[in-house]
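Participant: Numbering (the numbering used here), first residue to last: -9 to 121. For glycine and all other residues, C-beta sits at the position ideal for the given N, C-alpha and C. First the structure, then my questions, so here it is.
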């Protein structure tokens, strides 16, 4: 019985790791597209709701460049914790901007067909760094 339980846990952990990896892949690919200024490709990772909201890649790119400069010019991307709520995943990501500043973003990810799409990004408060 113990072996069966261990096997079930291993399978669940493997599925969770695969799920997290596919979410990270989508976010990484969109960030890379922004760095390459391939706005149509970056727009392709957005959810249907985001696509309807902005209408076209140009509007979307302008919003990101102006409102999320750390996404528009990003480097040193690190994936932090992920949580589930209401059928969506929320992935925290640490990014370095063009000036070297660090920012924590939370990506709302929704399942769409066989993949994930980005349904919003929120800038999180900077973590307290004690002396």
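Would residue 60 and residue 85 qualify as a contact pair, given that the criterion is a beta-carbon distance under 8 Å?
Facilitator: Cβ atoms of residue 60 and residue 85: closer than 8 Å.
Participant: Using 8 Å as the cut-off, can you tell me whether the segment 20 to 27 makes contact with the segment 55 to 70, which would need three or more C-beta pairs spanning the two stretches below that distance?
Facilitator: Cβ pair count under 8 Å is three or more, so yes.
Participant: Can you name, in chain order, every residue of its own chain whose Cβ lies under 8 Å from the Cβ of residue 39, other than the five neighbours on each side?
Facilitator: Closer than 8 Å at the Cβ level, and outside the excluded window around residue 39, lie 109.
Participant: Using only alpha-carbon positions, find the residue among 102, 91, 80 that is nearest to residue 36.
Facilitator: Among 102, 91, 80, the Cα nearest to that of residue 36 is on 102.
Participant: Can you tell me where the beta strand (DSSP E) holding residue 101 begins and where it ends?
Facilitator: Per DSSP, residue 101 belongs to the beta strand (DSSP E) from 92 to 102.
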